[in-house]
Every structure is written in structure tokens, then in C-alpha cells.
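Numbering (my numbering), first residue to last: 1 to 651.
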Ligand SMILES: [Zn+2]
Ligand SMILES: [Zn+2]
Ligand SMILES: [Zn+2]
Ligand SMILES: [Zn+2]
């Protein structure tokens, strides 16, 4: 495939479109955006003049490609559809797609006449050109898969990887590149209405309204961000986004949020893949979408409005109108059901990739999405931002022959009910792992409730579910005969959840955290995950917050900081004994534990004396463990960043 040829012709057409819509011969990048540009794709306005231009463009193509020099007769919508048609390439294989024009050209090295000479915005992007060359999926896959594990299927687990030979901890099991990457598709309400948005070319943060892709008018970090013309980053969907009518400066801010829906972009990207690579598109569309199961859920209804209707209304309806008018087809597969299927595919299979700038994006990985879940997994994956978001899957502990390779798709520090609910709604999967099956969650009591006893006389026992695998199971005390219904438990949990979210969601004071912890300790086991969430924040406030610096803390507070740290580490030791999942979380605890111990030791040498001597061995061990988990953490990109903590220190 003549990759460079396609790239140049495509770019030439974009140039043609560009220089023809805004005025004669002015510098494209310095020109103010014209509304005509945004509306250029309007399918319904094509007239005779446009038809002539279309013929001229076709002649030009017949005469050996598009002209680079001011084809000022190419205006309006036709060049757009032409440019999209130009990149319809058949027979592009998976790996050739990943090696395709954008990546080859973006570093400006492989093609001397490439027009991409702008410096790249970040080292991550700088590396994008090289990443596929390092090692190919096929080679890795072949050599490892037959030696250590194989893909198989059974009734209970469906598709899974069965280990065929004992595997040592820290073995790289496979690496692979994404099928597609794009802005996070499951944005929360806050993210949906943020004016700081990811550049459509390279995902760095930019301000809504500052710079745009000059062609589609979607926000960019700068007008010449190289990612904008990279087929794997923005190049493909740009052609479709140009059919929209973006809001203009001075319009109601709401119209900006309504128009720039980043959460729909990844769906559009997946759809647009069929233009450049039908094979790759087939690969995506054949992933599990759970279409029928989703159909009557709120997720379907939500995607119907937020994504499907939105994409048709703004971009796909005008494109299809033009396709009909011209008798040409750019998107062979483009209907509401397909968009819903892609939404379902992303919902179940997309993996969240944390970038070094703190932003998260999403990617689809062909093998990554086949990994089996377990709440006590034996393996983990990382993403290498410097190698095009390449995924590396590694064993987290020694694995025996006959085990399945497993990873975790939910938060390790959530209680069983919450984890299973999350897996069921997002992955259509009911986990029955050893942790889920044990009412005490391996003795951690992470979900246990304090028993209120008879006549509100607490018995000192804890309420645990009779059957943790049933959502409707009643709970019973482990010490007295008192039982509570699942409705009562759900009600209590939702009330407590709201209170915790409230305190975590704003910049609450240490006092507010202390008060809520004190209140919740009446209802929950001290290890309950809601309490642990609050305590993890509080141990970081103690020692860092104004008025709560380490030397300002009372002995009692310092001791309670130490106590909370020890409590957390004892839970982590059970839930992540090989330290490959909760690394950042544990790293924070160990550092705080060490700081508390050193301070207590200092005080015991003076004579404000806490009753006990705090020798430095434990502190040293904390530091040692901290360094160990920190090393692990550096390779683990799936980081459970304590957002509250980050927010506080950004102030
Ligand atoms: Zn950019
Ligand atoms: Zn664009
Ligand atoms: Zn489980
Ligand atoms: Zn009881």
C-alpha cells in the first residue's frame, strides 16, 4: 500500500478545501475561522456550481492525483466527501494500520516531503512514530501464547486464557497496541461541562474556545498540532466532524457544551475506522457488544441521546445526505444499531488509559479486552504512554499450570456488593471469585456493618450477608441472632455513600472528615471501605495541612494517624499480598506511617512521652516497602490516584 501517497493526496485535498473556503491565498493558519468552513459540508446546499467543481476534482484525480497548488475551484462540501473517499483503503491489515500514514509521518522522518514539520507537543507524541516498530503483536503473541498459556473457552467463564506452564512473577505475558484510542467515552457530569478539554489531536489539556482544528473547528492545543492530521489520532474523524455547525464566539456557553461532546468522539472514531481499514473495523464490530442485553437498560437510553442521536444530528445525517446526492458511499456501515453496538463494545471492552498529564483516555485492545476478571487477580496490565499506549500484560505473582490469567476491572477497595454491581452493569458479568464468595472478604470485613443488637443494645458483632453472591440476600450478625433485610442494608449504604461523596467531593476540612468518621463508626466495621476511603484522605491531611503539620499534631492525633496507617496496611496485605494493584495507595500509606513513626520517636526522646517507645525499625521497614511498591508503581500505569488528595494539593 502506498501509504505516503494516500497521505499526501488526503492532505492536499484538505489544503484545497481550506484555501478555497476562507478567501484567496491568505495564510491558512493566520486566518480567522469562517462560518463557511464549518458549514462547508452541508449536504443540502450543493448546486450546479458545486457539480462542476466536483467534475474538476474528479478530472484532477484522474490526471494523477490532487493538485497541491491552490485548487481554488474546490469549494463547498464536495471536496470533503472526496477527501473521505480518498482514504478508503481496502486490505489494510491490523499492523499496517498501526504503522499507517499518521504515525510514519508524524515524526517527519520517514517522508522527506511530509508537510508535518511542526514540533510535537509532548515527548509522548514524539515517540508515537516508533512504537509499532519495537515489537509486533503477532511475534509476541505467537512465541508466548503457545509456551505459557492459550486462549480457550468454556461454559462457565466463556473465553479465557488458560495457563499451560508455570509462570513466574513479573513475566511479560503479552504486549499489544490499541485498535483505537480517543477521549474518555464515559465522562461524568463534571467532565462533560468542563471548559478544559483534551486537544482532539494529542489529548493535552486546552481551553475550550482558544485554538481549534482549522478544518473541523474542534478544540486543539494549537492550530498546527501534528495529531490533527494523523489518521490514528484525529485525521479520520476530522473529515466527518467537518459536517457539523460549531457554535461561534459569543454564543451561549451551553451551546458549546452541547456541541463539543467528547464522550461521543470515540464512538465516531471506531465508526470512521471503516474508511481506512475495513478489516480493522470488522475486528472492532465483532467484539462483544451485549446489544440485546443493553437494549432495555438506562445505558442504552443514555447512549441513544448522548451519542447516537447527537452524532446523527450534527454529522452523520448531513454526510449521508451528501452521499445520497452524489451516489457515493463513505461509510458503508452507518446506522443507529451500529452506533449502539459500538457504544456497547466500548462500555464492556474499552480500557481507561491514564496519561502522564493526569488526563484519562480510552483505548480498545484486541487481547486486553479478552482478559478474565477476578477480584483477586494474578496479573495486571500497564500502558506505555511513550510507546503509543502500548499495553503490557504481566504476571503479578507466580502462577500455576491450570490457572486462568486474570486481572481486575473494578476497584479493589470497594466492598463486594459494589464491585459485583459495577461488574454486572459494566461488564455483564457476575463475579464468583474467592473474595466475592466469602462474606468477610477474606477476613478484612470490608463490607461489614456493626450489629445494632436487640433494642439498640449493640452486641459487639457484625452484620454480614448470608449469601454474598445474591443481591437480595439478607444479612445476619456473627454474634447474636439479629438479621437485617437487604433493603435495610441498601438504604443505609446509599445514605452513607451520599455523605461520603459529599465530604470527598468538596474541599472539606480535617474536622469534617473526623466528624464523619466518628459518626460512621457507629454503623460500620472500622475496616469498612467507606471508612477506609475517608481515613486514607485524613492520614494525608494530618501532617500536610495548614494547622495540621506534623509537629503541630497532638500526641493523640499522631497516634491515631499511625493506627489508621497500620489498619490500612493490614487490609492491603490481604487484598494485594503481592503488591501489584494497590501500589500507589499503599505507597501513600507507608510514607505517612513512616512519618508518624519518626515524629513519635522524636517526641519519645524528649519527654512529652507517648506511653510506648516507637522504634525506628518499623519506620525503616515502611520506607523500604514504600520504595519497593514505588518501583512497582512506576511500571503500573493503572493508578488509583486519590483525587481528593490531588485536588487539595493543587490549591
Ligand atoms: Zn494537540
Ligand atoms: Zn479536525
Ligand atoms: Zn470477585
Ligand atoms: Zn448482633
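Glycine included, C-beta positions come from ideal geometry on N, C-alpha and C. Model, not experiment: these values are computed from the prediction.
- By the neighbour-count criterion, in which 16 or more other beta carbons inside 10 Å mark a residue as buried, residue 620 falls on the exposed side.
- Counting along the chain, residue 361 sits inside the beta strand (DSSP E) bounded by residues 360–364.
- Proximity of the beta carbon of residue 463 to ligand 4 is indicated: a heavy atom of the ligand is located closer than 8 Å.
- In the DSSP assignment, residue 219 is bridged to 212.
- Annotation for residue 602: the continuous alpha helix (DSSP H) segment containing it runs 583–605.
- Of the candidates 206, 183 and 263, 183 places its Cα closest to the Cα of residue 232.
- Assigned with DSSP and collapsed to three states, residue 203 falls in coil, not helix or strand.
- Counting C-beta atoms within 10 angstroms of its own C-beta, residue 462 has 16 or more neighbours from the protein chains shown and is therefore classed as buried.
- Distance from the CA of residue 510 to the CA of residue 441, rounded to the nearest whole angstrom, comes to 29 Å.
- Judged by DSSP secondary structure, residue 459 falls outside any alpha helix (DSSP H); it is assigned neither H nor E.
- One thing to note: residue 405 has its Cβ within 9 Å of the Cβ of residue 160.
- The straight-line gap separating the alpha-carbon atoms of residue 579 and residue 396 is approximately 8 Å.
- Remark: the C-beta of residue 208 is outside contact range of ligand 1, defined as less than 8 Å to any heavy atom.
- The Cβ atoms of residue 339 and residue 312 lie closer than 9 Å to each other.
- Restricting attention to 586, 600, 603 and 602, the CA atom closest to the CA of residue 623 is found in 586.
- Between residue 332 and the set 367, 296, 277 and 289, the nearest pair of CA atoms involves 277.
- Annotated three-state conformation of residue 254 is helix, per DSSP.
- Proximity annotation: ligand 3 has residues 375, 431, 433 and 436 in chain order, each selected because its CB is closer than 5 Å to a heavy atom of the ligand.
- When C-alpha distances from residue 500 are compared across 472, 535, 486 and 487, the shortest belongs to 535.
- Put simply, the residues with a CB less than 5 Å from any heavy atom of ligand 2 are 213, 215, 216 and 238, in chain order.
- For residue 282, the secondary structure class from DSSP, reduced to helix, strand or coil, is helix.
- Comparing C-alpha distances from residue 357 to each of 386, 627, 420 and 475 shows the shortest one belongs to 386.
- Look at residue 447 here: in three-state DSSP terms it is coil, with no helix or strand label.
- In this structure, residue 215 sits away from residue 272, with a CB-CB distance that is not shorter than 9 Å.
- Within the DSSP secondary-structure output, residue 181 pairs in a beta bridge with 363.
- Short note on residue 549: C-beta not closer than 8 Å to any heavy atom of ligand 4.
- Runs of the beta strand (DSSP E) spanning 3 or more residues and lying entirely within the stretch 305–355 occur at 351–354, in chain order.
- Relative to the Cα of residue 361, the nearest Cα in the group 371, 380 and 384 belongs to 384.
- Here residue 546 carries a coil assignment [DSSP, helix/strand/coil].
- Pairing residue 227 with residue 200 gives a Cβ-Cβ distance under 9 Å.
- Straight through space, the alpha carbons of residue 238 and residue 343 are spaced by roughly 20 Å.
- Counting other Cβ atoms within 10 Å of its Cβ, residue 572 reaches 16 or more and is therefore classed as buried.
- Remark: C-beta atoms of residue 434 and residue 453 do not approach each other more closely than 9 Å.
- At least one heavy atom of ligand 4 falls within 8 Å of the beta-carbon of residue 482.
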